[in-house]
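Visitor:
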Amino acid sequence: MASIRFDGVTKRYKDGTLAVDDLRLDIPDGEFLILVGPSGCGKTTALRMLAGLEEISEGEIVLGDRVINDVEPGDRDVAMIFQNYALFPHMTVYDNMAFPLRMRRVAKKEVAEGVRAAAQLLGLGELLRRRPNQLSGGQRQRVAMGRAIVRQPAAFLMDEPLSNLDAKLRTQMRGELARMHRRLGTTTLYVTHDQTEAMTLGSRVAVMRNGIVQQVGAPQELYRNP
Ligand code: ADP
Ligand code: ADP
Numbered sequence: 091m092a093s094i095r096f097d098g099v100t101k102r103y104k105d106g107t108l109a110v111d112d113l114r115l116d117i118p119d120g121e122f123l124i125l126v127g128p129s130g131c132g133k134t135t136a137l138r139m140l141a142g143l144e145e146i147s148e149g150e151i152v153l154g155d156r157v158i159n160d161v162e163p164g165d166r167d168v169a170m171i172f173q174n175y176a177l178f179p180h181m182t183v184y185d186n187m188a189f190p191l192r193m194r195r196v197a198k199k200e201v202a203e204g205v206r207a208a209a210q211l212l213g214l215g216e217l218l219r220r221r222p223n224q225l226s227g228g229q230r231q232r233v234a235m236g237r238a239i240v241r242q243p244a245a246f247l248m249d250e251p252l253s254n255l256d257a258k259l260r261t262q263m264r265g266e267l268a269r270m271h272r273r274l275g276t277t278t279l280y281v282t283h284d285q286t287e288a289m290t291l292g293s294r295v296a297v298m299r300n301g302i303v304q305q306v307g308a309p310q311e312l313y314r315n316p
């Protein structure tokens, strides 16, 4: 686990778009922080800079005690979870979850233990031989989370992970995410445009607009006094 700090982080795309403007945000170790705001306000750009998928124009991003601006994406100790799952269609649930460990040449026995533990936490124990097209949307999202969990990263970066699910499943998965966070305690930065998720999921909410974080606080504070 590790804290995350955006220290004056700015992103200017090549075409001149100022997507993120002097972002300052401190996420202590173990916090579940929601970054909320309308489409186009810069949330995904902020997350992608943290994951190393987008270059930083100005400022520093610090993970734990390490400035990670120049660290390769694969060497950043973070796991991204997307809305479109990004599972390998030809692989079973087991192999999808085992993949990040096998990539790191983890021993076979440890791979099995890691996958089993994640599957148990997410209620996927009976589905390990299925392929993604034999799963419901909620189950696919759980596999995607399982694949992030097995690595035991310092932080989870979630980009609208529930937005492809129907309303009922979304509610259920919000509960599961909260439970998962209580169990694992992994620092999480969760991006959404959904106010319900912002109000119910995290301990703090950062409200972003036009590339700028306007307010940070507990959900009750922010939504009482918008
Ligand atoms: P959000 O995740 O809040 O919807 P984004 O971070 O995706 O916002 O986008 C922030 C702004 O940056 C938007 O104006 C968007 O059009 C722009 N943008 C995103 N990606 C690029 C890119 N590759 N080149 C130029 N502008 C971009
Ligand atoms: P949902 O509950 O989200 O509506 P489905 O109706 O597609 O999802 O699936 C209900 C149950 O049937 C799930 O437990 C799922 O694993 C199982 N299932 C769905 N598709 C298949 C399939 N092609 N083969 C085997 N089991 C399936």
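Under the working numbering, the first residue of the sequence shown is numbered 91, with each subsequent residue one higher.
We put the beta carbon where it would ideally sit given N, CA and C, even for glycine.
#1: Quick one: residues with CB closer than 6 Å to any heavy atom of ligand 1, in chain order, please.
#2: Check each candidate in T290, A244, M193, F246 and name the one with the smallest Cα separation from Q310.
#3: Going by C-alpha distance, which of L115, L108, M91 is nearest D97?
#4: Figure out for me which residue from A188, N223, G265, M181 has the closest Cα to the Cα of A202.
#5: Taking the beta carbon of P163 as the centre, do at least 16 other beta carbons fall within 10 Å, making it buried, or is it exposed?
#6: Is there contact here, the region 287-307 with the region 137-152, by at least three beta-carbon pairs under 8 Å?
#7: Alpha carbon to alpha carbon, what distance is there between R269 and Q210?
#8: Rank G120, Y184, F172, G130 by C-alpha distance to the C-alpha of L153 and give the top, closest one.
#9: For R299, list the residues DSSP reports as bridge partners.
Guide: Taking the coordinates as given:
#1: Y103, D105, T107, A109, G127, S129, G130, C131, G132, K133, T134, T135
#2: T290
#3: L115
#4: A188
#5: exposed
#6: no
#7: 13 Å
#8: G120
#9: I302
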